[in-house]
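Have a look at the structure below, then the notes.
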Amino acid sequence: MSYSLTLAICAFAAFFCLIDARHVQQQPSSDNNNSTVVSNSETDSGAATYYDPSMGACGILSMGDELVCAIPDALYDTKTIGGNP
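With mature numbering (1 follows the signal peptide of the UniProt record, and there is no 0) as the guide, the letters of the sequence shown map in order to residues -21 to -1, 1 to 64.
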């Protein structure tokens, strides 16, 4: 897989996470007194982690307000040329 394709997949995944509407709750509108709040009663489970970007593999410093895609080293190592990012 080329670097551009990997980057595009990571960008798409990050964008999709931002627009995922499953976790949005609807609020009643002010012009309709009969509105009700719809809530998500579904329970999710899984593992979460915190990622704090700093110095990347190419020596570029990334900040927490930037969109950064983290990939596992097992995937990253298979795409480097001679072990050099």
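The beta-carbon is built from N, C-alpha and C at its ideal position, and this holds for glycine as well.
Here the structure is a predicted model, which is why all the values come from computation and not from measurement.
Nearest candidate by alpha-carbon position, reference residue i, set the options
i, options, result
"S33", "T22, E21, C48 and A27", "C48"
"T59", "C37, S41, G43 and L46", "C37"
"D52", "G35, A27 and S41", "G35"
Reduced DSSP secondary structure (H/G/I, E/B, other) of residue i
i, result
"L54", "helix"
"L46", "coil"
"I(-13)", "helix"
"T22", "coil"
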